[in-house]
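So for the sequence shown, the numbering used here puts the first residue at 61; every next one is plus one.
Even for Gly, the Cβ is constructed at its ideal location relative to N, Cα and C.
Since the structure is predicted, the reported quantities are computational estimates derived from the model, not experimental observations.
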Amino acid sequence: MQTLKLKRGEDRRLKAGHLWIFSNEVDTRATDFKNLVPGEEVLVRDCQGHVLGCATVNPHSLICARIHARSARPLDEELLSERLEQALSLRSALFAEPYYRLVYGEGDALPGLVIDRFGSHLTVQITTLAMEQRKEALRSVLHRLIRPESILWDNTVASRTLEGLALGTECEGPVPDSLDVPENDCVCTVPLLEGQKTGWFYDQRPNRRLMERLARGRDVLDAFSYVGGFGVVAGHAGAASVTFADASARALGYARDNLARNAPQTACTVLEGDAFDTLRRLHDEGRRFFVVSIDPPAFIKRRKDYKEGLVAYRRINALACSLVEDGGYLLTSSCSQALHVDDLRGCVAHACARQGLHPRLLHTGWQGPDHPIHCAMPETAYLKCLLVQISRQPQPNTRPAQAANV
Ligand code: SAH
Numbered sequence: 061m062q063t064l065k066l067k068r069g070e071d072r073r074l075k076a077g078h079l080w081i082f083s084n085e086v087d088t089r090a091t092d093f094k095n096l097v098p099g100e101e102v103l104v105r106d107c108q109g110h111v112l113g114c115a116t117v118n119p120h121s122l123i124c125a126r127i128h129a130r131s132a133r134p135l136d137e138e139l140l141s142e143r144l145e146q147a148l149s150l151r152s153a154l155f156a157e158p159y160y161r162l163v164y165g166e167g168d169a170l171p172g173l174v175i176d177r178f179g180s181h182l183t184v185q186i187t188t189l190a191m192e193q194r195k196e197a198l199r200s201v202l203h204r205l206i207r208p209e210s211i212l213w214d215n216t217v218a219s220r221t222l223e224g225l226a227l228g229t230e231c232e233g234p235v236p237d238s239l240d241v242p243e244n245d246c247v248c249t250v251p252l253l254e255g256q257k258t259g260w261f262y263d264q265r266p267n268r269r270l271m272e273r274l275a276r277g278r279d280v281l282d283a284f285s286y287v288g289g290f291g292v293v294a295g296h297a298g299a300a301s302v303t304f305a306d307a308s309a310r311a312l313g314y315a316r317d318n319l320a321r322n323a324p325q326t327a328c329t330v331l332e333g334d335a336f337d338t339l340r341r342l343h344d345e346g347r348r349f350f351v352v353s354i355d356p357p358a359f360i361k362r363r364k365d366y367k368e369g370l371v372a373y374r375r376i377n378a379l380a381c382s383l384v385e386d387g388g389y390l391l392t393s394s395c396s397q398a399l400h401v402d403d404l405r406g407c408v409a410h411a412c413a414r415q416g417l418h419p420r421l422l423h424t425g426w427q428g429p430d431h432p433i434h435c436a437m438p439e440t441a442y443l444k445c446l447l448v449q450i451s452r453q454p455q456p457n458t459r460p461a462q463a464a465n466v
């Protein structure tokens, strides 16, 4: 195995458990960087020559190496099998039914790999060249461990281009157009292959459950609903009405059907269009809901979008706060890794201060346990969901409401 040597001082993060090496951290005088074969294993050494781990490389990528083992072990079928078995046994311990994210990249010590399991159907996302090169080994491990009926090789993740990989999808076996996903005592039909790959967001499972305590007999707004994840749990818990808002008519069609299936007694409204416009309109009409959930797509995809993204989070949270009844609840989510949980709390605080509301943070939720966070890699923690109770009564610490401030 070739050696990849780090510059002095660049070993600290790795010694603390992190798994990535950035190209500017490599000592290019002591490493034959240009001749490293993309996708191959190298031994990572600190400036004194001590081995820090075994990594696969891609010298053309900003993250030029990803550690998969602390000793000299190739990333071969045997190691893939070991890691997949560990991932599977964790999920089997956590969940009663085989519906979960089976592999979550570095969280499962499998850099470049994400697998969602829907019973006997799998969707696989490969995001590194090294993992792409080991696709056949991976395929054979999956067939041995899971015996899937179908595998959707979903190669549409944009970050593949950073590794020089092509985009597209590939179906192996009878990939269904849609299928049923059991979760939180509900069953939702989700599209898998209709035109574009979609699927189900398993990461919000524990946060959707918060609806159970809040929604009974109440009016609920599920904004950025997709196929109804939050609203369906609310309906099942006995909500009087659920209003879904999303830009996708197709997703809203599923949301309506999923609510009818799980909560036929709950009144359903779907509002198609940009959620900023929809929430503004509801505000202008003086509408209020006892529970408002907002779960937007990542407004900050890359660090350089931070400022612009933060403005969008502030705006949507301000609109959401304005729609909560006195004593009702806001469930606000962000899946932007770069948005810190304190930033999201700040968005709510800022909005409530301007509107003369009193927010009480009751709970902070994270991505579910089938998306295990690597404790040394903040990059693996991305989802946060705040449960905030909002009081409209004048409080000593709030300014009077300013109507124009939403
Ligand atoms: N809450 C969902 C997941 C939401 S995913 C769940 O629990 O499963 C984000 C959703 O936001 C997608 O359905 C997408 O169609 C929608 N979306 C993206 N941008 C939007 C916009 N500007 N207005 C309304 N919906 C939008």
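Closest by C-alpha distance to residue i, when choosing among the options
i, options, result
"residue 426", "310, 262, 276", "262"
"residue 320", "198, 422, 248", "248"
"residue 231", "323, 215, 265", "215"
"residue 187", "157, 156, 219", "219"
"residue 227", "189, 240, 208, 251", "189"
"residue 377", "363, 362, 412", "412"
"residue 74", "128, 101, 343, 243", "128"
"residue 371", "307, 98, 466, 306", "466"
"residue 326", "275, 313, 342, 311", "275"
"residue 109", "63, 317, 361", "63"
"residue 72", "343, 362, 107, 99", "107"
"residue 240", "271, 318, 306", "318"
Same chain, Cβ closer than 7 angstroms to residue i, neighbours up to 5 away in sequence not counted
i, result
"residue 137", "197, 200, 201"
"residue 446", "392, 404, 405, 408, 421, 424"
"residue 245", "296"
"residue 242", "157, 159"
"residue 410", "374"
"residue 452", "386, 417"
"residue 342", "383"
Straight-line gap, residue i to residue j (C-alpha atoms, nearest Å)
i, j, result
"residue 205", "residue 322", "33 angstroms"
"residue 338", "residue 282", "12 angstroms"
"residue 130", "residue 340", "52 angstroms"
"residue 399", "residue 440", "13 angstroms"
"residue 448", "residue 86", "45 angstroms"
"residue 141", "residue 113", "19 angstroms"
"residue 105", "residue 415", "55 angstroms"
"residue 369", "residue 233", "40 angstroms"
"residue 148", "residue 387", "42 angstroms"
"residue 238", "residue 265", "19 angstroms"
"residue 364", "residue 84", "19 angstroms"
"residue 173", "residue 167", "10 angstroms"
"residue 330", "residue 156", "32 angstroms"
"residue 302", "residue 290", "10 angstroms"
"residue 279", "residue 211", "39 angstroms"
"residue 390", "residue 259", "26 angstroms"
"residue 359", "residue 96", "36 angstroms"
"residue 251", "residue 336", "25 angstroms"
"residue 46", "residue 298", "This structure cannot speak to residue 46, because the chain is shown only from 61 to 466."
"residue 435", "residue 217", "24 angstroms"
"residue 270", "residue 450", "16 angstroms"
"residue 99", "residue 163", "20 angstroms"
"residue 146", "residue 344", "52 angstroms"
Neighbour-count burial assignment, residue i, 16 or more Cβ in a 10 Å radius
i, result
"residue 454", "exposed"
"residue 346", "exposed"
"residue 132", "exposed"
"residue 349", "buried"
"residue 315", "buried"
"residue 77", "exposed"
"residue 143", "buried"
"residue 309", "exposed"
CB contact flag (residue i, residue j, <7 angstroms)
i, j, result
"residue 355", "residue 304", "no"
"residue 151", "residue 79", "no"
"residue 91", "residue 65", "yes"
"residue 176", "residue 194", "no"
"residue 432", "residue 154", "no"
"residue 300", "residue 333", "no"
"residue 293", "residue 268", "yes"
"residue 208", "residue 225", "no"
"residue 135", "residue 116", "yes"
"residue 442", "residue 395", "yes"
"residue 383", "residue 351", "no"
"residue 311", "residue 287", "yes"
"residue 61", "residue 111", "no"
Closer than 7 angstroms to chain B by CB, residue i
i, result
"residue 74", "Absent from the structure: chain B. Only one protein chain is present."
Chain-order list of residues whose beta-carbon lies under 6 angstroms from that of residue i (same chain, five-residue window excluded)
i, result
"residue 158", "177, 179"
"residue 253", "235, 237"
"residue 191", "172, 173"
Contacts around residue i, its chain only, beta-carbon distance under 8 angstroms, and the 5 residues preceding and following it disregarded
i, result
"residue 122", "82, 83, 222"
Query raised in the report: Can you pull every residue whose C-beta falls closer than 5 angstroms to some heavy atom of the ligand HEM, listed in chain order?
Result: Absence of the ligand HEM from the depicted structure is noted, with the ligand SAH being the only ligands included.
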